[in-house]
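Undergrad: Dropping the structure in here first, questions after.
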Amino acid sequence: GAGVSQSPRYKVAKRGQDVALRCDPISGHVSLFWYQQALGQGPEFLTYFQNEAQLDKSGLPSDRFFAERPEGSVSTLKIQRTQQEDSAVYLCASSLEGGGRGSYEQYFGPGTRLTVT
Amino acid sequence: GDSVTQMEGPVTLSEEAFLTINCTYTATGYPSLFWYVQYPGEGLQLLLKATKADDKGSNKGFEATYRKETTSFHLEKGSVQVSDSAVYFCALYNFNKFYFGSGTKLNVKP
């Protein structure tokens, strides 16, 4: 079956532009996570959904970042008024279970590399 | 807060050499511990995991033991291959969040 897919794979934005990054999780997966990975660093947690509910958004770095998963499947991470420090790879992961220890069997997508110029 | 520290790379080894990549963690409660691998041009893949103290995770010849007394989860492999060249991330999972180390790049030369 298909894995987690993300689009676009690469995005170049001028400073101040808004961007939208899409994640298609594995069908039937309850949990969905977004991570930000700066060059040479490990992924850092941004936000977590269980179905359509955003249960944790403590990792979003500012109010310019917004994520949604309206029907409990596809998710979109939106960044408004992009800044250079937003340049990173944005990773999406999904897991079959919802919450608790079941969430740790996460399957990662290939990521979207965002470059803000 | 919770965090993971792993040895900096790159690590360069000859084929069939012994590999150790050190990882230590700080966490409240009882986290689960993981090693993920990222091959060139690919996404993160789960390599192995351990969910409680003294558990040993193993996969593809790699092993790591969850040591609560030393808060460590070191990755080992007895004989590396060129195909093991990748970036390895140590991670912990606690309260619905993953915390990753900064990654260690492994280069294996034939």
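The listed protein sequences derive, respectively, from chains Y and W. Under the numbering used here, the first residue of the first sequence carries the number 1096, and numbering increases by one thereafter. Under the numbering used here, the first residue of the second sequence carries the number 50, and numbering increases by one thereafter. Cβ atoms here follow ideal geometry from the backbone N, Cα and C, with glycine treated the same way.
Who are the neighbours of Pro1156(Y) on chain A, taking C-beta pairs under 7 Å?
TA: Checking the listed chains, one finds no chain A in this structure; the protein chains it contains are Y and W.
Undergrad: Taking CB distances under 8 Å as the criterion, tell me whether Gln1136(Y) reaches chain W.
TA: Counting from 1 along the first sequence, the entry for residue 1136(Y) is found at position 41. It does; some Cβ of chain W falls within 8 Å.
Undergrad: Give me whichever residues DSSP pairs with Gln87(W) in a beta bridge.
TA: Position 38 of the second sequence, counted from the first residue, corresponds to residue 87(W). Bridge partners of Gln87(W): Val136(W).
Undergrad: Evaluate Ser1157(Y) with the Cβ neighbour count: other Cβ atoms within 10 Å of its Cβ, from every protein chain shown; 16 or more gives buried, anything less gives exposed.
TA: In the first sequence, the residue the question calls residue 1157(Y) occupies position 62. So Ser1157(Y) ends up on the exposed side.
Undergrad: By a C-beta neighbour count over all protein chains shown, 10 Å radius and 16 as the cutoff for buried, is Arg1176(Y) buried or exposed?
TA: For the purposes of this step, residue 1176(Y) is identified with residue 81 of the first sequence, where counting begins at 1. It is exposed - the Cβ of Arg1176(Y) has fewer than 16 other Cβ atoms within 10 Å.
Undergrad: Anything in chain Y within Cβ reach of Phe231(W), meaning under 9 Å, just list it in chain order.
TA: Here chain W comprises residues numbered 50 to 159, so residue 231(W) is not present and cannot be evaluated.
Undergrad: Please return the same chain residues whose Cβ sits closer than 8 Å to the Cβ of Asn1146(Y), not counting the five positions on each side in sequence.
TA: On the first sequence, residue 1146(Y) is found 51 positions in, with the first residue counted as 1. Here the set comprises Val1125, Arg1164, Gly1167 and Gly1193.
Undergrad: Less than 8 Å between the beta carbons of Phe138(W) and Tyr79(W), yes or no?
TA: Numbered from 1 along the second sequence, position 89 holds the residue referred to as residue 138(W). Numbered from 1 along the second sequence, position 30 holds the residue referred to as residue 79(W). No, the Cβ-Cβ distance between Phe138(W) and Tyr79(W) is not below 8 Å.
Undergrad: What are the boundary residues of the beta strand (DSSP E) that Thr120(W) is part of?
TA: Within the second sequence, residue 120(W) is the residue found at index 71, counting from 1. Per DSSP, Thr120(W) belongs to no beta strand (DSSP E) and is neither H nor E.
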